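Residues -25 to -1, 1 to 776, numbered by mature numbering (1 follows the signal peptide of the UniProt record, and there is no 0), are exactly what the sequence shown covers, in order.
Even glycine gets a Cβ: it sits at the ideal position worked out from N, Cα and C.
No experiment lies behind these values; they were computed from the predicted model shown.
This report concerns only the one structure given below.
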Amino acid sequence: MRRKNSLIIVTFFTSIFILITTSNALNTISSNQTIRDGVSTIESAGGIFEMGFFSPLRSKKRYLGIWYKKISTRTNIWVANRDAPLKDTSGIMRFDENGVLVLVDSTNSMMWSTNLSKSVVSPMAELLDNGNLVVRYENDTDLKNILWQSFDHPADNLLSGMQIGWDLQKGLYRYLSSWKSSEDPSLGNYKLSLNLDGYPQILLWKGSVLQFRFGPWDGIQFSGVSFDVPDTRFAVKFLFDPNEMSFNFENTDTDMRLMLTPDGDIQILRWINQTREWKIYLTAPRDDCDRYAVCGGYGNCNITQSLSGHGVCGCLKGYKPKIVEKWKLGDWSNGCIRKTQLACGNGDGFVKYSGLKLPDTQNSWFNQSLTHEECKSICLKNCSCTAYAGLDVRKGRIGCMLWFNELLDIRDYSANGLDLYVKVAASELASHSSASVKRLRRSLIIVILILLTVLLCLCARTLRNSRKLRRKGILSVHQESTDNEKGREDLDLPLFDFAMIASATNNFSKRNKLGEGGFGPVYKGTLNDGQEIAVKRLSKTSKQGLDEFKNEVSCIAKLQHRNLVRLLGCCIEEGEMLLIYEYMSNKSLDSIIFDKELSKLLNWQQRYDVILGIARGILYLHQDSRLRIIHRDLKSSNILLDVEMNPRISDFGMARSFGGSEREGNTTRVVGTFGYMSPEYALDGMFSVKSDVYSFGVIVIEILSGMKMRGFYQSDPSLNLLGYAWKLYKDGNFMELVAEDIVEECSPSEVVRVIQIGLLCVQPHPEDRPSMATVVLMLCSEITLPEPKQPGFFTERIPLS
């Protein structure tokens, strides 16, 4: 009986011990404790962060990492064994006999360690509320005496208080490195670091190739880039002294982070509890001018210049294209060369540029105490000096930076740019001054002539109308002519000559016709300088008139993004209304994915990139443009593909813009294409940013399947493409949805993730659909996705016409 009672007592206390060790997360780990996969975790004191084992998405590999505990969407911010994953759930984190924190597998093989150089007695590991894992002595709570910390070994996320850069005293080099993919946290292709050559700057690398850089620190911020500051508690810090060069951001909220995505995007994100999503405050690089040295040496990139039809690049004053033929064709990589060589002090001077992202500072020389005049004098006396600039905008631009090689990676950035003084020869300086006077004189003459012409036209028109009034007794003016004139006055866009466009398109020859839409026919053209264009010509029978024409111009003229088609100008002349776009050599997305032969041109990775590119374009319209733009007619035929198969959203005739906090509207005139319309828009005329999300979801399923939403037929005639996708997803037969051309090369886990994202976007209720910011995050990270419900328009409820 005693033996039986003893057995019961031992079993009871053993059970209690197991429950204690498996049910609660530990706050710290001492030398005699372990963290076992699936058994226990370590949690920060405030419950903000948690550390344990996880598998990204549907990968079976196991990793030791840190994530946000209170945020419902799993977001990992640090991984220990990035390049040494565990094959099963046998992982254990513990201290070894030397006091080193190690991760071992079932064979006791070391997969990761803190790699301390000395033995430690009574160590302790603690996860802090800022997300930092620290190793310290058990009885020493002073964080200045820590033995090791995860903040010194960042992964792909930078949190408040973390530093990127160099600690020369400790011999530490901290940088961000991207995941290889959303399922693989091993070292990816991209690295974000602070360089030590010349004046320090933040650089984004893809392997050994420089992709993007922030402008140099101006005393307040990194110049040449801008983003929406969340609140006044957010501040960027830059530490620059003999022992340390680093940057970080400080924010009182722990739910804010900077992330380097697997695709090489730099994003600043903040968790919004109300919407349950990560809001993006910055994405870089964001346009063509952010590509490193896109204009070559002495070239200046101006994204708004492309509207004039001359490309984004121009040479600095006193310079000319190095290879004129390539420059005309849009290949600016060879840059510019001097028109006139410098005379080394004999009359050379400087041309001032304002609002620039300063050139690459890797080969620059700087002094933080020199004045502007001293800086100018040094550059003028040094024959090799090509330009100079001030360093600190807070101190009357005290500080001096000099360049001695070609000037690379310059762009116009009036919102957050600095002054640059470029050295030019005396003759160029004189011609620049003379040209300025001539331009001023010419401008005055033009203004006077315009005013005289307007006055003469008004007088002639008044006289003509008066005669008509006397003759007929009424004042009658042809309304269409008035509207056209008014339209031209309201358009803030370069106007092309009709004769020029007619010549470029061979008088709108049938051979030049690319296709036809609701607006009218589209023609290919070639301008006199060799630039290829696409011309949309308003058809006389088109249901779209001047309002839609002006709407498209007013929307897209002010938009600049690498995933939006670029409008070069327009023409309203001789009763014609024309829109002139850059030419997309691969035409529209539907012409590729729905064609048996051409669809082979798009492999799985390219299709995924197209989906991501479209998502980024829509995100720009919804969030990052000056006004919130709702497209209202997103479909595969309105997605154009450039020569590199990059997607460009087009056709903004039906778009609506909103300002301030406006997010939705309604209309009695439902426009767009059935099949791509959201239920609330097609049935009730209500539209919002979530209407575009629905259309995007349809496009995603079309890209994946290679099947059309409109005219889809299967064994069950009541199902449309969305219903078919939903049925296969529910039954676990999702690979049957994949187009035959890509079924063998794509990963099942990636396929089911894309289908999930597509189905989440086509939920029947707008509030159940993710925002485009969340969609981009879903595509670029390994966050856990919610399960979709049955999509809207699961069956054909609206006749397709």
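The beta carbons of I614 and I624 sit about 6 Å from each other, so the pair counts as a contact at 8 Å.
Going by beta carbons, L122 and V95 fall inside the 9 Å limit.
Looking only at Y112, P654, D80, the smallest Cα-Cα distance to L61 is reached by D80.
Cβ neighbours of E551 within its own chain (closer than 8 Å, five residues either side excluded): F473, R512, L513.
Shown here, I373 sits in a strand according to DSSP, grouped into three states.
By a beta-carbon distance limit of 8 Å, Y651 contacts L609. Their separation comes to about 6 Å. Nearest neighbour of A477 by Cα position, chosen from G500, A268, R149, N342, turns out to be G500. Under the DSSP assignment, Y669 falls in the alpha helix (DSSP H) whose first and last residues are 664 to 680.
Exposed is the label assigned to S484, since fewer than 16 other Cβ atoms lie within 10 Å of its Cβ.
Using a Cβ distance threshold of 9 Å, M26 and L102 count as a contacting pair. Taking the Cβ atoms as the reference, S402 lies roughly 23 Å from L377, outside the contact range of under 8 Å. Shortest Cα-Cα distance from A714 to any of D743, Y669, K571 involves K571. Minimum Cα-Cα distance from V399 among the listed residues L393, L355, Q506, V422 corresponds to L355. The three-state reading of DSSP puts V729 in helix, counting H, G and I together. When only Cα atoms are considered, F187 and V673 end up about 33 Å apart. Among the bridge pairs identified by DSSP, R188 is matched with L178. If you compare the alpha carbons of S153, F189, G22 with that of N164, the shortest gap goes to S153. Comparing alpha-carbon positions, the option among C736, G698, V675 lying closest to K665 turns out to be C736. Listed in chain order, the beta strand (DSSP E) runs fully inside the segment 239 to 307 are 241 to 247, 252 to 259, 274 to 276, 288 to 290, 294 to 296, counting runs of at least 3 residues. Exclusion of the five residues before and after M231 leaves R245 as the residues of its chain whose Cβ lies within less than 6 Å of its Cβ. Between the beta-carbon of R728 and that of L760 there is about 7 Å, and that keeps the pair under the 8 Å contact cut. Under the DSSP assignment, S161 falls in the beta strand (DSSP E) whose first and last residues are 159 to 169.
For M710, the CB contacts under 7 Å within the same chain, skipping 5 residues up- and downstream, are V718, P723, V726 in chain order. Annotated as distal: I17 and G106, with beta-carbon spacing of 9 Å or more. DSSP lists L377, Y396 as the beta-bridge partner residues of Y363.
Between the alpha carbons of S30 and Y38 lies a distance of about 6 Å. Per DSSP, the continuous beta strand (DSSP E) segment holding R232 begins and ends at 231 to 235.
Its chain contains G544, C546, I555 as the residues whose beta carbon lies nearer than 6 Å to that of F471, once the 5 sequence neighbours on both sides are disregarded; these appear in chain order. About 4 Å separates the Cβ atoms of S611 and D565, confirming a contact at the 8 Å cut-off. The beta-carbon distance between Y294 and Y267, rounded to whole angstroms, is 19 Å. This is too long to meet the 8 Å contact definition. Taking a C-beta distance under 9 Å as the contact criterion, D659 and M747 do not qualify as a contact pair. Here the segment 357 to 368 lies against the segment 387 to 394, with 3 or more beta-carbon pairs under 8 Å apart. Per DSSP, P622 lies in no alpha helix (DSSP H); the unbroken beta strand (DSSP E) holding it starts and ends at 622 to 624. Contact between the segment 168 to 178 and the segment 333 to 348 is present: 3 or more CB-CB pairs across the two stretches fall below 8 Å. Boundaries for A55: no alpha helix (DSSP H) harbours it, and the DSSP string shows neither H nor E there.
Contact annotation: the segment 748 to 757 touches the segment 249 to 256, with at least three C-beta pairs closer than 8 Å.
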